[in-house]
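FYI, in our numbering the residues of the sequence shown are 197 to 300.
Below you'll find the structure, written out as structure tokens, and then a few comments.
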Amino acid sequence: MEKPIYAVIFKAVIGDLDATYHETASQLRRRAMELYDCISFESYTQGDREISISYWRDEEQIVKWKNDQIHLKAQQMGREKWYRSYQVQVVKLIKQYGEDDQAG
């Protein structure tokens with residue numbers, strides 16, 4: 197791995213997810229990839245828990261993404277309705293290895 201890669205890990209306890217949530221999530225994923233140079237974005241749900249992991253080339257793009265106007269509105273909806281609680285972690289990936297490119 198030449199340059200560092202950053203991961204944003206979003207963990208939440210799900211509240212009231214409606215059709216608007218699913219539309220917004222799709223739109224935000226596209227925006228992250230197209231406008232903010234997000235490398236990849238994956239989400240998983242189990243019971244009332246959700247985890248999303250996005251990978252980024254630099255911290256500057258993460259900050260720009262955090263302050264995107266549509267993302268800010270979604271954050272507000274998340275606090276008010278979609279999630280009962282959440283946590284965001286930004287980490288610097290120090291090592292990555294494995295044999296299966298399909299694994300992530």
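Think of the CB as a built atom: it goes at the ideal place given N, C-alpha and C, for glycine as much as any other residue.
Kindly indicate the opening and closing residues of the beta strand (DSSP E) around R245.
Start and end: R245 to W252.
Entirely within the stretch 199-267 and at least 4 residues each: give me those alpha helix (DSSP H) ranges in chain order.
The stretch 199-267 contains these whole alpha helix (DSSP H) runs: 215-231 and 255-262.
For F237, collect the residues of the same chain with a Cβ closer than 8 Å to its Cβ; drop the 5 residues on either side in sequence, then sort them by chain order.
Sequence-distant Cβ neighbours of F237 in its own chain, meaning closer than 8 Å and more than five residues away, are R225, A228, M229, S248, I249, S250 and Y251.
So for K291, helix, strand or coil by DSSP?
Note: K291 maps to coil in three-state DSSP.
Evaluate I258 with the Cβ neighbour count: other Cβ atoms within 10 Å of its Cβ, from every protein chain shown; 16 or more gives buried, anything less gives exposed.
Its Cβ being crowded by 16 or more others within 10 Å, I258 is buried.
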